[in-house]
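Undergrad: I have a structure here, written as structure tokens, and I will follow up with some questions on it.
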Amino acid sequence: MIAARFSVRPRGFTLIEMLVTVTIVALMSTIAFPMLELAERRSNERELREALRQIRTALDNYKQAVDEGRIVEETKGTGYPPTLDILVEGVVDAKSPNKDKKLYFLRKVPRDPLNQALEGGAPIWGLRSYASPATAPQPGADVFDVYSLSPGIGLNGSPYKDW
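Every letter in the sequence shown is one number past the one before it in my numbering, and letter 78, counting from 1, is 1325.
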């Protein structure tokens, strides 16, 4: 009978293999985290563009309804709504026979993803009236335009308030 000799090698990882693995994982995470931050910033900027587009479209639709005579104008000739809330609450359709129908322009006022401050639960936007200049927007008797109150600068190099 021939006795077979088996060598028993310990199982597991050596310290060097573990250090190499940890180093590789650390290196990969240092590359991935900045990319995740950039992706989140792009997502917030995309959401800001969409929110501005929704509000500005609603303002234009309100103005068009005033021009068509569907809304009795309350803002002394500009044709723009006095507040953003009017776009959500709706206004009476002047062309409906019994004046019982309302025109709605937004389901809700979108939030500014870059300005997390809330005023009484409502999103805060910078408001520009029709009478104020574009270079120095000021609120007034109506809402002609909106802008972000975030002090940051976008990936394109322009301040968010100028979007």
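Here a beta-carbon is modelled for each residue, glycine too, at the ideal position from N, C-alpha and C.
Keeping to the same chain, check which residues put their C-beta closer than 8 Å to that of I1400; ignore five residues upstream and five downstream.
TA: P1406 and Y1407
Undergrad: Could you tell me whether the Cβ atoms of V1393 and L1299 are closer together than 8 Å?
TA: yes
Undergrad: Using the C-alpha atoms, what's the distance from S1290 back to D1409?
TA: 18 Å
Undergrad: Less than 8 Å between the C-beta atoms of I1371 and A1341, yes or no?
TA: no
Undergrad: Determine the extent of the alpha helix (DSSP H) in which L1331 is found, giving its start and end residues.
TA: Neither: L1331 is in no alpha helix (DSSP H) and is coded neither H nor E.
Undergrad: Hey, out of E1294, R1258 and T1277, whose CA is closest to L1361's CA?
TA: Scanning E1294, R1258 and T1277 for the CA closest to the CA of L1361 turns up E1294.
Undergrad: Expressed to the nearest angstrom, what Euclidean distance is found between the alpha-carbon atoms of T1268 and P1357?
TA: 46 Å
Undergrad: How close, in whole Å, do the beta carbons of A1388 and P1329 come, if the pair is a contact with beta carbons under 8 Å?
TA: 7 Å
Undergrad: For P1386, which of helix, strand or coil comes out of DSSP?
TA: coil
Undergrad: Counting Cβ pairs closer than 8 Å, one from the segment 1346-1353 and one from the segment 1297-1312, do we hit at least three?
TA: Touching, yes, given that three or more Cβ pairs across the two stretches are closer than 8 Å.
Undergrad: Could you check where the alpha helix (DSSP H) with Y1309 kicks off and where it finishes?
TA: L1262 to D1314
Undergrad: May I have the straight-line CA-CA distance separating F1260 from L1266, to the nearest angstrom?
TA: 10 Å
Undergrad: Distance check for G1404 and Q1385, CA to CA, integer angstroms please.
TA: 24 Å
Undergrad: Determine whether the beta carbon atoms of V1338 and K1346 lie at a separation below 8 Å.
TA: no
Undergrad: Cβ atoms of E1292 and L1402: under 8 Å apart, would you say?
TA: With contacts defined as CB atoms closer than 8 Å, L1402 and E1292 qualify as a contacting pair.
Undergrad: Would you kindly work out how many angstroms separate the C-alpha atoms of I1302 and P1344, rounded to a whole number?
TA: 29 Å
Undergrad: A1305 and L1334: beta carbons closer than 8 Å?
TA: yes
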